[in-house]
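Read through the structure below, which is laid out as structure tokens, and then see the notes.
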Ligand code: ARG
């Protein structure tokens, strides 16, 4: 005889290896608060609909609340032989309240139960992710404001291209994070649909009230098709995809931090609390946080790939394969949240070496401005570009620089050069780029103000916790 909650049709116990192989409790125990919240809502609905006696529902709710306390206090004993979070909770409930516990699973299957738990978890985790992305974005906006006026070379192809404000560079990452916040708000909304009431796959032969459960758990919608509801994990894929994209952004930033902290760049210095040393080279101070964020990006991409592959070719409806959704999903979330946290701390505590950034802007970076000067004097841009290019080559050959070429010599290349050419310098180049989205100080100051408004709006996204 099997002692499993599903043991009726079995004549012997599960092989020990199979028991260990099929158990998911080490992973899905973190769903417990959601599992319990879902069960409480379900039990109350069953009683309200006259499907189970009110006294039993009361005992069930009281027992579940006690279990929640045991879990919170770390007293709960998780048992592998009880397979997963759902059966661990239900078996413990039976120990606590006896026979009434057996009525909880009326009009419910673990298939719609686990779909519910995951959606509740995903809503909360999406909201938490939004909070942490917003916190990082806020730190970047703070830095952009504090260092407004600091100039650096802007790069394309990692070659010095044109001068930009350091703040403008930071705000580029804020833009990425703003899109990320939108994606996680979308993840929240996608998960905001109650699957409970789908049963194992076909719906349920009881007069249940799905809307009542939806309301109690804060869902706006209920799923429309029971087969889809128990087998849909699109929301998990979308979450992992959104996480992968944040990691792409963080890893681009991390790469710049690695470059910037090198002696060759020297643009920023990391706080000692956010760097590590070498066990052999005493002089080393390494940007390990940035490197690990860059490295962990691969992990999250892998999580996304695992989820996509998991769904490929799965027939309807629930299949046990779906249990494998949790490790990658939880890993993506935990990795992302920790990366966001340490990244924020690293940025908040770094030192910006303004002089090094400014010194890295060579006159070459003003070549476009020389061309633009000639355009303002009437030349077509292509012709102006050619002349400025010759000037760059001339300066290079002379071992000199663009701004060191005398007005007389400039006029050899084009008679349009007047003495006002001396006004071409870094701050003029910045100020000239006075278009929306440009790096002119006035534009960047406005961008900071606008980003602050967005931060306030993004902080207002704080849906009620799911459990
Ligand atoms: N632990 C299972 C999972 O994570 C719960 C659902 C089990 N359903 C079943 N029919 N065996 O997917």
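Residue numbers (our numbering): -16 to 450. Ideal placement from N, C-alpha and C gives every residue a C-beta, glycine not left out. Computed from a predicted structure; not experimentally measured.
| query | result |
| --- | --- |
| Could you round the C-beta distance between residue 456 and residue 146 to whole angstroms and report it? I think they count as a contact, below 8 angstroms. | Because the chain here runs from -16 to 450, residue 456 falls outside it and cannot be looked at. |
| Around the Cβ of residue 441, are there at least 16 other Cβ atoms within 10 angstroms (buried) or fewer (exposed)? | buried |
| What number of angstroms, rounded off, separates the C-alpha of residue 40 from the C-alpha of residue 294? | 36 angstroms |
| Is the closest heavy atom of the ligand ARG to the C-beta of residue 71 under 6 angstroms? | no |
| Does the distance from the C-beta atom of residue 206 to that of residue 212 stay below 7 angstroms? | yes |
| If the criterion is Cβ atoms closer than 7 angstroms, does the pair residue 407 and residue 352 meet it? | yes |
| Closest by CA to residue 83, which one among 121, 22, 42? | 42 |
| In the structure shown, what three-state DSSP assignment does residue 86 receive? | helix |
| Around the Cβ of residue 65, are there at least 16 other Cβ atoms within 10 angstroms (buried) or fewer (exposed)? | buried |
| Is the beta carbon of residue 68 sitting closer than 7 angstroms to the one on residue 14? | yes |
| Identify every residue that forms a DSSP beta bridge with residue 142. | 139 |
| DSSP three-state call for residue 303: helix, strand or coil? | helix |
| Count the other C-beta atoms from every protein chain shown that fall within 10 angstroms of the C-beta of residue 449, then say buried if there are 16 or more, exposed otherwise. | buried |
| With a floor of 4 residues, list each alpha helix (DSSP H) that falls wholly inside the region 316 to 387, ordered by position along the chain. | 337 to 342, 350 to 359, 364 to 380 |
| Between the alpha carbons of residue 175 and residue 90, how many angstroms are there, rounded? | 21 angstroms |
| DSSP three-state label for residue 456, please. | Outside the modelled stretch of the chain, which goes from -16 to 450, sits residue 456, for which no answer is possible. |
| May I ask which residues mark the beginning and end of the alpha helix (DSSP H) holding residue 268? | It is not in any alpha helix (DSSP H) - residue 268 carries neither H nor E in the DSSP assignment. |
| Got a sec: does the ligand ARG put a non-hydrogen atom nearer than 6 angstroms to the Cβ of residue 67? | yes |
| Under 6 angstroms: does the beta carbon of residue 56 sit that close to some heavy atom of the ligand ARG? | no |
| Relative to the ligand HEM, is the shortest distance from any of its heavy atoms to the C-beta of residue 332 smaller than 6 angstroms? | Among the ligands present in this structure, namely the ligand ARG, the ligand HEM is not found. |
| With residue 182 and residue 95 assumed to form a contact (beta carbons below 8 angstroms), what rounded beta-carbon distance in angstroms separates them? | 6 angstroms |
| State the CB to CB distance for the pair residue 280 and residue 225, rounded to an integer number of angstroms; the pair is presumed to be in contact (CB under 8 angstroms). | The pair is not a contact, with the Cβ atoms about 14 angstroms apart (cut-off 8 angstroms). |
| Note down the Cα distance separating residue 355 from residue 247, rounded to an integer number of angstroms. | 31 angstroms |
| By DSSP, does residue 407 sit in helix, in strand, or in coil? | coil |
| Mapping DSSP to helix, strand and coil, what is residue 54? | helix |
| Confirm the yes/no value for this check: CB of residue 93, any heavy atom of the ligand ARG, distance under 6 angstroms. | yes |
| For residue 7, verify whether its CB is less than 6 angstroms away from any heavy atom of the ligand ARG. | yes |
| Exposed or buried, residue 124, counting other C-beta atoms within 10 Å across all chains shown (16 or more means buried)? | buried |
| Examine the ligand ARG and report whether any of its heavy atoms sits within less than 6 angstroms of the Cβ of residue 97. | yes |
| Does DSSP put residue 44 in a helix, a strand or coil? | helix |
| Drop a sphere of 10 angstroms on the beta-carbon of residue 299, count the other beta-carbons inside from all chains shown, and report buried for 16 or more, exposed for fewer. | exposed |
| Just to confirm before moving on: does the CB-CB distance between residue 452 and residue 253 stay below 7 angstroms? | Residue 452 cannot be examined here, being either before or after the span of the chain that is shown, -16 to 450. |
| State yes or no: is the C-beta of residue 106 within less than 7 angstroms of the C-beta of residue 171? | yes |
| Does the region 372 to 388 touch the region 338 to 349, meaning 3 or more C-beta pairs lie closer than 8 angstroms? | yes |
| Where does residue 126 land, buried or exposed, given buried means 16+ other C-beta within 10 angstroms? | buried |
| Flag residue 87 as yes when its Cβ comes closer than 6 angstroms to any non-hydrogen atom of the ligand ARG, and as no otherwise. | no |
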